[in-house]
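Written below as structure tokens is the structure these notes are about.
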Amino acid sequence: MLQLPGRAGKVPPVLPCMRKLTIAIDGPSGAGKGTVARAIAAGLGYRHVDSGAMYRAVGWKALGEGVPLDQEDAVAALAGAARIDVTAAAVTIDGVDVTRAIRTPEMDRAAAAVARLPKVRAVLVERQRQVGADGGIVMEGRDIGTVVFPYADVKIYLDATPEERARRRASDPSRSGVPSAVSDVATLLTERDRLDRTRAASPLYAADDAVVVDTTGKSVDEVVREVLDVVRAKM
Ligand code: C5P
132 MLQLPGRAGK VPPVLPCMRK LTIAIDGPSG AGKGTVARAI AAGLGYRHVD
182 SGAMYRAVGW KALGEGVPLD QEDAVAALAG AARIDVTAAA VTIDGVDVTR
232 AIRTPEMDRA AAAVARLPKV RAVLVERQRQ VGADGGIVME GRDIGTVVFP
282 YADVKIYLDA TPEERARRRA SDPSRSGVPS AVSDVATLLT ERDRLDRTRA
332 ASPLYAADDA VVVDTTGKSV DEVVREVLDV VRAKM
């Protein structure tokens with residue numbers, strides 16, 4: 132039996148755990164994917180995987196090794212040879228803990244640059260599918276519901292206004308070296324979103340069968356409840 136967080140003040144419902152679902156959460160930067168995906172995974176006892184951290188780790192390694200970020204074969208070879216571990220606690224690549232190092236504006240750009248390369252995506256998508264092979268997973272990213280797990284049991288597309296997303300990003304404590312002015316964050320975020328939405332390889336968009344949740348002006352609890360309602364309907 133599975134215990135889920137319930138509505139405030141009410142006894143949490145206990146649901147029979149029939150099978151371990153695959154839950155895809157996509158959306159632009161700052162829409163709340165990380166916070167919501169973590170909370171949903173914790174509530175269900177599922178694994179949470181931040182697929183963006185994999186692109187960031189590859190960007191970090193390529194920069195460190197002096198591999199130009201537009202050299203598709205070289206970056207894909209580096210990604211294919213690297214051991215990348217993304218857990219709730221840390222992100223490592225070839226044993227190096229890059230948890231904090233990958234959360235900078237420079238790594239935002241590096242991740243988006245390597246994410247444009249189809250051969251790099253092929254390597255990472257394959258890893259993501261392996262990690263999610265047994266279900267019981269909440270994976271967040273840009274193409275999880277459209278490409279990585281097109282048959283996911285639950286697809287959520289989180290969105291929010293650019294202003295709200297920039298405000299959240301500017302106050303995110305996990306980020307280092309971030310410009311403090313919300314307007315600067317907004318400029319960088321809008322540009323990265325544009326790249327993610329317009330690239331040829333797996334651009335960001337909501338799958339036809341995704342439930343779109345606008346998180347603007349909502350608390351984390353509200354959004355988590357909304358998403359859990361969608362999940363419960365599938366159990
Ligand atoms: O989610 P996060 O902002 O950490 O992702 C960093 C970058 O990685 C994104 O801007 C996007 O270019 C890329 N990405 C992607 N597909 C994913 C996850 C992230 O292309 N599934």
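Residue numbers for the sequence shown follow the working numbering, beginning at 132 and rising by one. Built from N, CA and C at the ideal position, the CB exists for glycine as well. The structure displayed is predicted, hence computed values, not measured ones.
Measuring CB to CB, does ALA337 end up less than 8 Å from ASP157?
Residue mapping note: residue 337 aligns to position 206 of the sequence shown, counting from 1. Residue mapping note: residue 157 aligns to position 26 of the sequence shown, counting from 1. Yes, these two residues count as a Cβ contact at 8 Å.
Any non-hydrogen atom of ligand 1 closer than 7 Å to ARG214 Cβ:
Counting from one through the sequence shown, the residue named residue 214 turns up at place 83. Every heavy atom of ligand 1 is 7 Å or more from the Cβ of ARG214, so no.
Leaving out the 5 sequence neighbours to the left and right, which residues in its chain are closer than 6 Å to THR230 when beta-carbon positions are compared?
Position 99 of the sequence shown, counting from 1, holds the residue named residue 230. Contacts found: ALA221, VAL222.
Using 8 Å as the cut-off, can you tell me whether the stretch 159-174 makes contact with the stretch 290-302, which would need three or more C-beta pairs spanning the two stretches below that distance?
yes
For ARG178, three-class secondary structure by DSSP
Stepping through the sequence shown from its first residue, residue 178 is reached at position 47. Residue state, collapsed to three classes: strand.
Validate contact between the stretch 236-253 and the stretch 328-344 using beta carbons, cut 8 Å, 3 pairs
yes
Residues of its chain near GLU357, where Cβ-Cβ distance is below 6 Å and the 5 sequence neighbours each way are ignored
Translated into positions along the sequence shown, residue 357 becomes position 226. Contacts found: VAL344.
Report the partner residues of LEU255 according to the DSSP bridge assignment.
Residue 255 sits at position 124 when you count from the first residue of the sequence shown. According to DSSP, LEU255 bridges with nothing at all.
List the whole-angstrom C-beta distance separating LYS365 from LEU175, where the pair is believed to meet the contact cut-off of C-beta under 8 Å.
Along the sequence shown, read from residue 1 onward, the residue named residue 365 stands at position 234. Along the sequence shown, read from residue 1 onward, the residue named residue 175 stands at position 44. Rounded, the Cβ-Cβ distance is 11 Å, inconsistent with contact.
Three Cβ pairs or more, each shorter than 8 Å: is that satisfied between the stretch 177-192 and the stretch 252-272?
yes
Reduced DSSP category for ASP315 - H, G, I as helix; E, B as strand; rest coil
Mapped onto the sequence shown, residue 315 falls at position 184. Here ASP315 sits in helix by DSSP.
Identify the continuous alpha helix (DSSP H) that holds ALA242 and give its terminal residues.
Numbered from its first residue, the sequence shown carries residue 242 at position 111. Residues 236-246.
Taking 8 Å as the limit between beta carbons, can you name the residues of its chain near VAL361, skipping five residues before and five after?
Counting from one through the sequence shown, the residue named residue 361 turns up at place 230. If we look at VAL361 and ignore the five residues flanking it on each side, its Cβ neighbours are VAL285, ILE287, VAL342.
Helix, strand or coil: how does DSSP classify ALA170 here?
Working through the sequence shown from its first residue, we reach residue 170 at position 39. In this structure, ALA170 counts as helix in the three-state DSSP scheme.
Identify every run of the beta strand (DSSP E) within the stretch 198-223, keeping only runs that are complete inside it and at least 3 residues long; order them along the chain.
215-217
For the alpha helix (DSSP H) containing ALA301, list its first residue and its last residue.
Taking the first residue of the sequence shown as position 1, residue 301 is located at position 170. Looking at the DSSP string, the run of the alpha helix (DSSP H) that includes ALA301 is 293-301.
Whose C-beta lies closer than 8 Å to the C-beta of ARG150 among residues of the same chain, with five residues either side of it excluded?
If you number the sequence shown from 1, residue 150 lands on position 19. Same-chain partners within the cutoff: GLY266.
May I ask whether a heavy atom of ligand 1 can be found less than 7 Å away from the beta carbon of ASP210?
The residue you call residue 210 lines up with position 79 of the sequence shown. At residue 210 the sequence reads Ala, which differs from the Asp that was named. Because no heavy atom of ligand 1 lies under 7 Å away, the Cβ of ALA210 does not count as near it: no.
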